[in-house]
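Remarks on the structure that follows.
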DNA sequence: AAACTGACTGTTA
DNA sequence: GTAACAGCCAGTT
């Protein structure tokens, strides 16, 4: 427990809030780093979302693959990016070879937390 | 302590 | 469509 005078929002706690927001993204939909950040109460925390996801323990049930950047592309590259693409395809989210959500599908798969 | 580094984003040209 | 750049924010050198 944080001692007297400790900030009640340490990094670990913020990471958990971010993870919870990510967990709220329904299967077959995707959201962006920015939207997740806002949902977690961090209006300008997009970069922090990326770091929080990178800090996920291996084998976590958090659907990290549903978080992509504001341009509708996967921000992960290399093997990690391929794995993300694989997982998205597995839930019928259309992703091109170069890691972009198919434009027509992007419209319907984006999850903004408003709905 | 300063510099560097990204799983970021919006603006401008 | 691209590219550059400025903000952004915290972990790592």
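In our numbering, the protein residues as written are 34 to 148. Built from N, CA and C at the ideal position, the CB exists for glycine as well.
Check: Beta-bridge partners of residue 63, as assigned by DSSP; Outcome: 143
Check: As assigned by DSSP and simplified to three states, the class of residue 128; Outcome: strand
Check: Classification of residue 64 by the beta-carbon crowding that lies within 10 angstroms, buried from 16 upward; Outcome: buried
Check: Beta-carbon proximity check, residue 55 vs residue 95, cutoff 8 Å; Outcome: yes
Check: Length-filtered (4 minimum) alpha helix (DSSP H) runs lying within the segment 63–94; Outcome: 66–72, 79–87
Check: CA-to-CA distance, residue 129 to residue 136, given in whole angstroms; Outcome: 10 Å
Check: First and last residue of the uninterrupted alpha helix (DSSP H) at residue 97; Outcome: Run containing residue 97: none; DSSP gives neither H nor E here.
Check: Beta-carbon proximity of residue 70 to residue 79, cut-off 8 Å; Outcome: yes
Check: Length of the line joining the Cα atoms of residue 93 and residue 87; Outcome: 11 Å
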